[in-house]
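Data block below; observations after.
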Amino acid sequence: MCVYNRLTALILCAALLLVLPSCIKGNEPFIFTSVGMGTVISLKLYGGDENNAAEICALIDEIERASSLTIEDSALCGLNKTGQTDNLHLIRQAEVCVDVAESSGGAFDCTLGAVSGLWNFGHEDCRVPAEDEIAAAMKYAGYEKLALNDGVLTCGEDQTVDFGAVGKGYACDVIKEYLDASGIQNAVISVGGSLLFYGEKNAGWTVGIKDPFGSGKNIFTFILRQGFVSTSGSYERCFENDGILYHHILSPDSGYPARTGLVSVTVAAESGALSDALSTACFVLGEEKGKELLERYSASGVFIREDGTVNVYGDI
Ligand code: AMP
Ligand code: MG
70 MCVYNRLTAL ILCAALLLVL PSCIKGNEPF IFTSVGMGTV ISLKLYGGDE
120 NNAAEICALI DEIERASSLT IEDSALCGLN KTGQTDNLHL IRQAEVCVDV
170 AESSGGAFDC TLGAVSGLWN FGHEDCRVPA EDEIAAAMKY AGYEKLALND
220 GVLTCGEDQT VDFGAVGKGY ACDVIKEYLD ASGIQNAVIS VGGSLLFYGE
270 KNAGWTVGIK DPFGSGKNIF TFILRQGFVS TSGSYERCFE NDGILYHHIL
320 SPDSGYPART GLVSVTVAAE SGALSDALST ACFVLGEEKG KELLERYSAS
370 GVFIREDGTV NVYGDI
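Quick note, my numbering runs 69 ahead of the 1-based positions in the sequence shown.
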C-alpha cells in the first residue's frame, strides 16, 4: 500500500532546521511565511517590511516558473521538449549540477527526471515501478549529455532534466543578491530544506538540526557566522510499500532510492545551489565518500545515520 505523506514531508521540512537569531538585540524581524516551489517558505527580515517580502516572493515565483517540471510552459519543460534553452536561471543551476556531478563521480545527476517521474514521490499516485520500466527510463539519464555553448543550454534527446536537487538552494542565492541590493542588514530565509543566514552583524546564528526520528528536540546545533545550509533526508518525499520505505533521493547506478545508511545530510557551503547539490550528493555517496566530496569544496556537513549516530565534518 502506498502511504501518501506529502503533508508530513512539508511539516518536517519546515521544522527540521530551527533558527535562533537570539543575538540581534532591539531589532524585531518582519516575519513572513508562504508556500512556493512545492514547499514552505519563511522569511525573517531584520529591517525589512512587507514590500521586501513581496519582492522576494516574486523572485521565488520567477524561479519556480522557470524550473518547474509541473508547470507546462516552464523554461525547464521547454528544455525537456526542445532540447535547448537560454533561460539564465536554468543555466546557472545547470552549471552547479554539472560541476557536482563530475566531482561526485556521477552520484549527483540532474538527468534522472524520467526515473523520478515513474516513482512520482510526493504525489498521491506514487508507486514502486516495475524493474523493466526503471531500466527503460535509466537509458535517458546521463549528465554528460548536458552542454553549454554561447549562452544556450542543451540536453540529450528525450532526456528529462530535473533541478529538484538544487532549485531551493539556488533560490537562496538569488535572494542573497536581492538582499545585497536592498539595504537589509540581517535575514534568515528558508526555502524548504535550504536556508540562507544573511548578515554578520550578530555574533552568529544558532542553527539547530531537529531530530529526524521525531523526538521534537534538536539532535545537533552549531553556530554559523553567515551563509547557506541545505538538508537532504530520506523522510522528505517518501512512501512505504510492504513495510519498505522508498524515498526520493535516487542512486544513479540503479534508479532505486539510495541506501547508504543515512537518514539525512546537512551541508553548509559558499552558495545555496552548492549546499543543496552537495547535501543530495553526500546522501547518495554515503558518509566516507561524502566527507571527501565536502573537503573538495571546503564545505561542512552533518551526517545523521539510521542508527542515530551524528557525525560532523568540516569547520562547524
Ligand atoms: P534534495 O531534496 O535536495 O536532496 O533533492 C532531491 C530531489 O532531487 C529529488 O526529489 C529528485 O527530484 C532529484 N534527485 C533524486 N536523486 C538525485 C540524484 N542522485 N542526483 C540529483 N538529483 C536527484
Ligand atoms: Mg539538494
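Beta carbons are placed, not taken as given, at the ideal position from N, Cα and C, and that holds for glycine.
Let me know if residue i comes out buried or exposed under the rule of 16 or more other beta-carbons within 10 Å of its beta-carbon.
i: A183; result: buried
i: G283; result: exposed
i: E124; result: exposed
i: S369; result: buried
i: D384; result: exposed
i: T349; result: buried
i: R418; result: Because the chain spans 70 through 385 in this model, residue 418 falls outside it and cannot be assessed.
i: D231; result: buried
i: N156; result: buried
i: T102; result: exposed
i: T180; result: buried
i: K150; result: exposed
i: A37; result: Beyond the ends of the chain as shown, which are 70 and 385, falls residue 37; an answer cannot be given.
Can you find a heavy atom of the ligand AMP that lies under 7 Å from the Cβ of residue i?
i: T349; result: yes
i: R328; result: no
i: I318; result: yes
i: G386; result: Since the first residue shown for the chain is 70 and the last is 385, residue 386 is missing from the structure and cannot be characterised.
i: A179; result: According to the sequence as given, residue 179 is Cys; it is not Ala. Yes, the beta carbon of C179 sits closer than 7 Å to at least one heavy atom of the ligand AMP.
i: R374; result: no
i: F190; result: yes
i: P98; result: no
i: F352; result: yes
i: D176; result: In the sequence as presented, Asp is not what sits at residue 176; that position holds Ala. Within the cutoff, so yes.
i: G312; result: no
Do residue i and the ligand MG come close, with the Cβ less than 7 Å from some heavy atom?
i: S303; result: no
i: A63; result: An answer regarding residue 63 cannot be provided, because it is not within the stretch 70 to 385 covered by the chain.
i: S369; result: no
i: S136; result: no
i: S299; result: yes
Measure the C-alpha to C-alpha separation of residue i and residue j and round it to an integer number of angstroms.
i: L354; j: A206; result: 22 Å
i: I253; j: K360; result: 35 Å
i: D142; j: T378; result: 44 Å
i: G174; j: S340; result: 21 Å
i: G211; j: Y366; result: 23 Å
i: G117; j: A250; result: 12 Å
i: A204; j: L265; result: 38 Å
i: L257; j: I313; result: Here the sequence assigns Val to residue 257, which means Leu is not the residue at that position. So the alpha carbons of these two residues sit roughly 36 Å apart.
i: E164; j: I129; result: 19 Å
i: L343; j: F352; result: 14 Å
i: E97; j: F372; result: 33 Å
i: Y304; j: E193; result: 16 Å
i: Y315; j: P326; result: 6 Å
i: L148; j: K286; result: 43 Å
i: L112; j: A122; result: 7 Å
i: V260; j: G236; result: 9 Å
i: V169; j: R134; result: 24 Å
i: D391; j: T139; result: Here the chain has residues from 70 to 385 only, and residue 391 is not among them.
i: I110; j: C241; result: 11 Å
i: L159; j: A346; result: 14 Å
i: L363; j: F297; result: 14 Å
From the DSSP secondary-structure annotation, give me the bridge partner or partners of residue i.
i: I110; result: S103 and V260
i: L128; result: For L128, which the question treats as bridged, DSSP gives no partner whatsoever.
i: L32; result: Outside the modelled stretch of the chain, which goes from 70 to 385, sits residue 32, for which no answer is possible.
i: K360; result: For K360, which the question treats as bridged, DSSP gives no partner whatsoever.
Quick one: does the C-beta of residue i sit closer than 7 Å to a heavy atom of the ligand COA?
i: P198; result: In the structure on display, the ligand COA does not appear, and the ligands it does have are the ligand AMP and the ligand MG.
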